[in-house]
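To start, the structure itself, in structure tokens.
There are 2 protein chains.
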Amino acid sequence: MSEPSKRPIAVAVLGPGTVGSQVVRLLAEHSEDLAARVGAPLELVGVYVRDVSAPRQGIDSSLLTSDGHGLVARADVVIELMGGISPARELILAALAGGASVVTANKALLAAHGPELFEAADAAGADLYFEAAVAGAIPIVRPVRESLAGDQVERILGIVNGTTNYVLDEMTQRGLDYDVAVKQAQDLGYAEADPTADVEGFDAAAKAAILASLAFHQRVALADVHREGISAITAADVAAARDSGQVIKLLAIAERADGAVAVRVHPALVPASHPLAGVHGAYNAIFVEAAAAGQLMFYGQGAGGVPTASAVLGDVVSVARHRASGGRGPRESKYADNAVLPIDDVFTRYSVRLDVPDRPGVLSRVAEVFAAHGVSIETVRQIADRGTAGLVISTHRAAERDLAATVADLRVADAVDSVVSVLRIEGD
Amino acid sequence: MSEPSKRPIAVAVLGPGTVGSQVVRLLAEHSEDLAARVGAPLELVGVYVRDVSAPRQGIDSSLLTSDGHGLVARADVVIELMGGISPARELILAALAGGASVVTANKALLAAHGPELFEAADAAGADLYFEAAVAGAIPIVRPVRESLAGDQVERILGIVNGTTNYVLDEMTQRGLDYDVAVKQAQDLGYAEADPTADVEGFDAAAKAAILASLAFHQRVALADVHREGISAITAADVAAARDSGQVIKLLAIAERADGAVAVRVHPALVPASHPLAGVHGAYNAIFVEAAAAGQLMFYGQGAGGVPTASAVLGDVVSVARHRASGGRGPRESKYADNAVLPIDDVFTRYSVRLDVPDRPGVLSRVAEVFAAHGVSIETVRQIADRGTAGLVISTHRAAERDLAATVADLRVADAVDSVVSVLRIEGD
């Protein structure tokens, strides 16, 4: 066995923002521990910024450079934390082409250009690690990619967006309206001034594509992910869920279905007894069902500069170990080729809430509409309140297309005043 | 970059018991997936048993051999699932000396002979992986060893023994007495006929030693682990915990404390709102607090043949990938040398439950005893019930030695009829 190299490993950071500045700090503060764990010291050789004249607190100004290509050419390990597509993509490709290993937290880039980047890593024999791109500090990429490599993942249900979990949790715990909860999340810095990427599920969809690719050993593109956000969820939906012993969570779901796979992001009713129901505030959690391992859950902080920096540095230690002692981590696993089901063909359970006239015969008419589309009713709960009548109907597993046709007919049925909400039921 | 070797990787299984028989089954059933993930086929070349004449369901009898040393000499990857110290230790050492990589689930062997085995692996440049030795199917070794390699683990609180969690959960959920819950666990196969190794915390202590070694990058021996079991926990303790908004869990705890580390296994009161409080039945969970990552939790099945086989096969894929494509996984990280605190020097919070005479002045006398030893009281709850009086006293953080001295004085104090229970409070 060869002794580990004592030559320093040259590290470049691209983008000293919320995460990058913490990575720079931790590299310095833990330099001795990191050297012991890697088997060679890590030396920060530069930090790429667009404007070198702007001072960056905690970063020696002599390390700043706006010459990204020059910097990656000098690095053994490149840490990309700029976000966005360009110039992140070009600099990562240049780094890999030069033989450097890359660690990135850039989920949007991976979801859009993953195949190109992984092929470049393979061509160079270099590592491309991305633990921080999904669920921040939570180790989920490595467990799915390595710990479960001898198993078959059947389903992943993930709370992978902290902003929406915070909003839904505040609505659940305190009865807030959606708009009030979003405003509160913005005031606390959990949500952006324009919260669209979070509340409409775009962020979660990018993570769902990455998780599905890992879990099923094939490429799943962002365009394969059906996406719905939480902006239509009302305080009344949350209250009705509670009355049924459920909570509403925005879930990223990836599951096998009869030789195909299905990947989607949408709000869902989860039983209050499910481990995911206990995930509060801005925390994330990923629930995994595997054929042999059974049910697993991974819980922690899904965002934030310091937690995300922990995930980045874990990857840095892994790829630096490979450089110090030889070898390489697992490549992208993409040998499988299951079809990705369109949402119409997905089966799940549904909860349909209706306002109905308070007169005899309504339930039987409503049940006829479900039966006409082959959608089997599991439970019906009747609600009479202040002169109005309501029905909460939970179905057995049904195809989305049949449920959608049922709902379309319910909207024009005499026996129905209005379809108040339609939510999928997951996790039971 | 070299293409992965297509030469089959020779795999030997030592011990086709509950876990081993599942490993053999899954190796066969998933052979194509495993070959794709490894980059070379895995070929089972033999199964070591003591008695080849006993038929083993699902295993081709031509693979059975009682010549363990001959078998490991023919293997690239040796999977040790015999348990016990001998001949597991000798066969693992022989395998490593011959250059084979080893995957084991043998926590007792690692706790007792880990240093010798890791040194043999280093000398041979071979992998020694052991994900299945701690918490069964839950990926915890790899996350702590790799994902958190750039962070500093401050504390681990683990429910790492499913039998005791089942017993305590039944006592909590259904008000069962300890003996009844243990009998039920035995009837269901969760507990052995002699449940000592589980209920007295020996199994958890071996796992605590392994977790602490990984988390703190140093060797922690089984003898360093303070150990108390759950056999003294009563239904009354569980009920009193519930009245205080707590549940009782057997925890494996490893934590940093002023430049030293402390490792212990004992029952503890955990707030009902803590993520560990929601871990029911025979499930395990490991709660990790890291300096940068913050709070993480890993949840799943901690035992059972099929789940544990998943963890074993994940390790098999990792070490086989290294053989197919070069390189090696991280070695044992043992550069740190923190003192391991004796239990007397450990600080935590305590709950002391007393039966006291129902007369004025008792609380002030009891408080004096705590104060005399410098133990600060946080809350007192008085219970008057059917003519008796009780006090439940929760302390601020105090040293075990001071708390023990306090309890010794309480036992002989006029103001105290009896010290009913003393439990540590963790997780808040």
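Protein sequences, first through last, are from chains A and B. Residue numbers for the first sequence follow this note's numbering, so the first one is 271 and each next one is one higher. Residue numbers for the second sequence follow this note's numbering, so the first one is 271 and each next one is one higher. Just so you know, even glycine gets a beta-carbon here, dropped at the ideal spot from N, CA and C.
(Q) Restricting to Cα atoms, I'd like to know which of B/Leu633, B/Leu334, B/Val576 is closest to glycine 316 of chain B. (A) B/Leu334
Q.
What residue range does the beta strand (DSSP E) around valine 690 of chain B cover?
A. 688-695
**Q.** Range of the contiguous beta strand (DSSP E) that encloses asparagine 554 of chain B
**A.** 553-560
**Q.** Distance between glutamate 389 of chain B and isoleucine 613 of chain B (C-alpha atoms, nearest Å)
**A.** 29 Å
Q) Taking the alpha-carbon positions, what's the alanine 547 of chain B to tyrosine 569 of chain B distance? A) 12 Å
Q: Tell me, please, whether the CB atom of valine 576 of chain A is closer than 8 Å to any CB atom in chain B?
A: yes
Q: Give every residue of the same chain whose Cβ lies closer than 8 Å to the Cβ of glycine 660 of chain B, excluding the five residues on either side of it in the sequence, and list them in chain order.
A: Arg623, Leu624, Asp625, Val626, Gln652, Ile653, Ala654, Val690
(Q) Distance cutoff 8 Å, beta carbons only. Does proline 600 of chain B sit that close to anything in chain A? (A) yes
Q.
If we define contact as Cβ-Cβ less than 8 Å, is glutamate 401 of chain B a contact residue for chain A?
A. yes
Q) In this structure, what does DSSP give as the bridge partners for isoleucine 653 of chain A? A) A/Gly660
Q: Count the other CB atoms, across all protein chains shown, that sit within 10 Å of the CB of isoleucine 279 of chain A; report buried if there are 16 or more and exposed otherwise.
A: buried
Q. Can you tell me the Cα-Cα spacing of proline 357 of chain B and tyrosine 605 of chain A, whole angstroms?
A. 39 Å
Q) With which residues is serine 371 of chain B paired in a DSSP beta bridge? A) B/Val347
Q: Would you tell me roughly how many angstroms separate the C-alpha atoms of leucine 312 of chain B and aspartate 397 of chain B, rounded to the nearest one?
A: 17 Å
Q. In chain A, what lies closer than 9 Å to glutamine 571 of chain B by C-beta?
A. Ala563, Gly564, Gln565, Leu566
Q. When the distance is taken between beta carbons, is leucine 379 of chain A closer than 8 Å to isoleucine 355 of chain A?
A. yes
Q: Measure the C-alpha to C-alpha separation of isoleucine 523 of chain A and alanine 532 of chain A and round it to an integer number of angstroms.
A: 8 Å
**Q.** CB contact check: alanine 581 of chain A to chain B, cutoff 8 Å
**A.** yes
Q) Just checking, does the segment 594-601 of chain B make contact with the segment 589-605 of chain A on the three C-beta pairs under 8 Å criterion? A) yes
Q.
At the level of alpha carbons, what is the spacing between glutamate 462 of chain A and alanine 455 of chain A?
A. 8 Å
Q: Determine the direct distance from the alpha carbon of valine 322 of chain B to that of serine 331 of chain B, and round the result to whole angstroms.
A: 8 Å
Q) How long is the line joining the alpha carbons of alanine 509 of chain A and methionine 441 of chain A, rounded to whole angstroms? A) 9 Å
Q.
Counting only C-beta atoms, is aspartate 346 of chain A closer than 8 Å to chain B at any point?
A. no
Q) When the cut-off is 8 Å and only beta carbons count, does glutamate 416 of chain A lie next to chain B? A) yes
Q: Excluding the 5 residues preceding and the 5 following alanine 637 of chain B in the sequence, name in chain order all residues of the same chain whose CB lies nearer than 7 Å to its CB.
A: Ile647
Q) Which residue's Cα is closest to the Cα of alanine 669 of chain A: A/Ile663, A/Ile695, A/Phe617, A/Val650? A) A/Phe617
**Q.** The beta strand (DSSP E) enclosing lysine 519 of chain A, as first and last residue numbers
**A.** 516-527
Q) Is the Cβ of valine 587 of chain B closer than 8 Å to any Cβ of chain A? A) yes
Q: Pick helix, strand or coil for phenylalanine 400 of chain A, following the three-state DSSP scheme.
A: coil
Q. Does any C-beta atom of chain B lie closer than 8 Å to the C-beta of proline 325 of chain A?
A. no
(Q) So, at 7 Å on beta carbons, what are the nonlocal neighbours of glycine 529 of chain A in its own chain, with the 5 sequence-adjacent residues on each side left out? (A) Asn608
Q) By the 10 Å Cβ neighbour count, where 16 or more other Cβ atoms means buried, how is threonine 649 of chain A classified, buried or exposed? A) exposed
Q) By the 10 Å Cβ neighbour count, where 16 or more other Cβ atoms means buried, how is alanine 678 of chain A classified, buried or exposed? A) exposed
Q | 8 Å Cβ cutoff, proline 409 of chain A in contact with chain B | A | yes
Q) Which residues, in order along the segment 418-441 of chain B, keep a beta-carbon less than 8 Å from a beta-carbon of chain A? A) Leu418, Ala419, Gly420, Asp421, Gln422
Q) What number of angstroms, rounded off, separates the C-alpha of valine 430 of chain B from the C-alpha of leucine 566 of chain B? A) 15 Å
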